[in-house]
Structures are given as C-alpha cells and as structure tokens.
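Report on the structure given below.
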Amino acid sequence: MYSVGLIALFDAINGKDVDEDIDEIIVDTTHGINYFAIMTQLMSRDIASILSVKLKKEIRVRFYNAIPSSNEEFVIVKVNTDAKPRIRTLEDISDRGLLIPYNALIYNAPLALSQYLQESKIEIPSLDSVYDKVNLKNKAGKLVVDYNLREQKAKKRNDIYLNLLLKAIEDSFDVHGEVNLRVLNELTKTVYSLISEVSSAIISHEVSVLLSTVKKKGKEIVCKGKVKYSEIYPLTFETEKEKSEKCGGKLEDEIRNFIAHGGLLRNLVEVQVKKSDNLNGEDVVISYGECWKNVKDFLS
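Residues in the sequence shown are numbered consecutively from 399, following the working numbering.
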C-alpha cells in the first residue's frame, strides 16, 4: 500500500511543472485507522525529500489533526512541522544492486553516485502494472482479492523509495555526461545536505581542495591529458606497495578515509581539465577510471 501510494505521488509531481514557490507539504493525519496515520506521515516525509531534490530546495512537512470538541465541532491542531526534509536511513534493501547507490549516498560519495547513474537505468513500476496483477475472484458468492504479491514489483517500500529518489536525482542533475566539479557541488548542496549537514560540509571541503590543487597544476594536467589525483596532490608519499596497487588495495580497509574524503581518495580518482587558465568547477572532469570496478565492489 505504501509503495503504490508513493508511486502515485511521484507520478503527480514527475514530468510536470511543479510550482517552484512550494515550500511545504500540508498533511491531514485525521484517520479512523491508526496505521493509516503512521503510513501517511512516512509517505509525506519521503515525498518531501524527493520533491526537495526535484525543486533543489528544502520542502517542509506540516501535520494537522482534527480533534472533536463537541458532537458538531472539531478543533484543527498542528501536530508537528518537520523543519527540514531528510533522506532517511534504509535498514533493509531487498534489491542488492541498489546497495551501490545507497552506500554512495551514506558514504559521502557523489562521484560514485554519478557514475552509477551514468551506467544504470532506473525503472519505476507503473501503477497499471501493479493493478494488472491484482486478481478478483468470486468464491461462493464472496469477492476475493488476490494481490499476487509474489509477482508484484512494487512491494518493497525501501526499494521503491530509493528508486524514486534516484530517478529524481537523475532527472534533476546533469549526471549522464562527464562528471565535473560543478555537478559534484550541486549534488552536495541539494542531495547530500538532505542526509546531513556534516556530509555536505565534508564533500564541499574535499571538492574545494581538489579544485585548488588542479588550479596549481592546470598546464601539467593539460599536457598529460589525464592524471591520477595522487600525481598532483602536494606532499603525497606512496610506499612501493601502494605504487604497485593501482587502486589502493582493499577499500574495505579504507572505509573511514573514503567517507572522510567524500569518496575522493587520491589513489582512486582520475583528473582531466578542459583548459589551463581561469579554471572553474565545470572545467575539471573527474572519474574513478580503471578503479571504478573496485569502488563498485566496495559499495556492494
């Protein structure tokens, strides 16, 4: 029920000109069945985070509830206001392939998220495909509804939420061409700030350090065409073992550094520049290059 509801809400905002003046979603949680109120709250918070990505600004959620004060009158009470939308933690993901983008989100790795979206097709089950699998039967004069859950593709709410979020990111950001520092900054400001301000600050700092380093070595990079970040970063000392391991060995042993450096580890990232003078973020193209497989295995 949650998945179908979230897909319906996503369909209502996707591919349409949503009013950019929207600042909040107002939700009436007055229901006769308790779990409806809980599900509505979760769904509204999830769609707020997706809409925040689509509009590239924070969308709050305000909850109201009607409380009877007499037989004929109700008092409308503001129950709560979410001051800031959040991309929530997903404790259980059924589709193991979604671990790569999910971990790219929680491990502060916008470059990994961008490269995943470049090579992946995000598929959202249509409501018609959900309804088509529902069978209505007449048994002894009674209507029996078979939801055919075994064949339904919209039954795992965390998978559906993550796919809808990824679709919103894919549609709202330039992630299908070369990944430059401008794209990383935009993802950081909008998407990663919805995870935490700490995540956003970490990535912003690392992107700034990378851009500053590239500006000092612009002509050298242009001459070489493409360089490893470790080749241009000052005060980088590699042991013979590190030099022999093209992608830094086992990333599982570097998880703390990976997170702390926004996924931009110097032995993983390749750098290219479009010009050597007056560089800005759009001129600096980065990728994991031959280390992308290692990064994917690590995030899986």
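Ideal Cβ placement from N, Cα and C applies to all residues, glycine included. Model, not experiment: these values are computed from the prediction.
Check the Cα spacing between K519 and each of M399, D409, I567: the tightest is with I567. Contact between S570 and K452 is confirmed by a C-beta separation of about 5 Å, below the 8 Å threshold. DSSP places N412 in no alpha helix (DSSP H); its state is neither H nor E. Within the same chain, H659, G660, L662 come within 7 Å of E604 by CB-CB distance, once the 5 residues on both sides are set aside.
The distance from the Cβ of L496 to that of V577 is about 20 Å, inconsistent with a contact at the 8 Å cut-off. In this structure, the straight-line span from the alpha carbon of K614 to that of N665 is close to 19 Å.
Judged by their CB atoms, K565 and N412 are nearer to each other than the 9 Å cut-off.
The DSSP-derived three-state label of E521 is coil.
Cβ neighbours of G687 within its own chain (closer than 7 Å, five residues either side excluded): E668.
Taking the C-beta atoms as reference points, Q670 is found nearer than 9 Å to G623. Distance between I465 and L440, taken at the CA atoms: about 21 Å. Here E456 is buried: its Cβ has 16 or more other Cβ atoms, across all protein chains shown, within 10 Å. Straight across, the Cα-Cα distance linking V682 with L579 is about 6 Å. Beta-bridge pairing by DSSP links K482 to no other residue.
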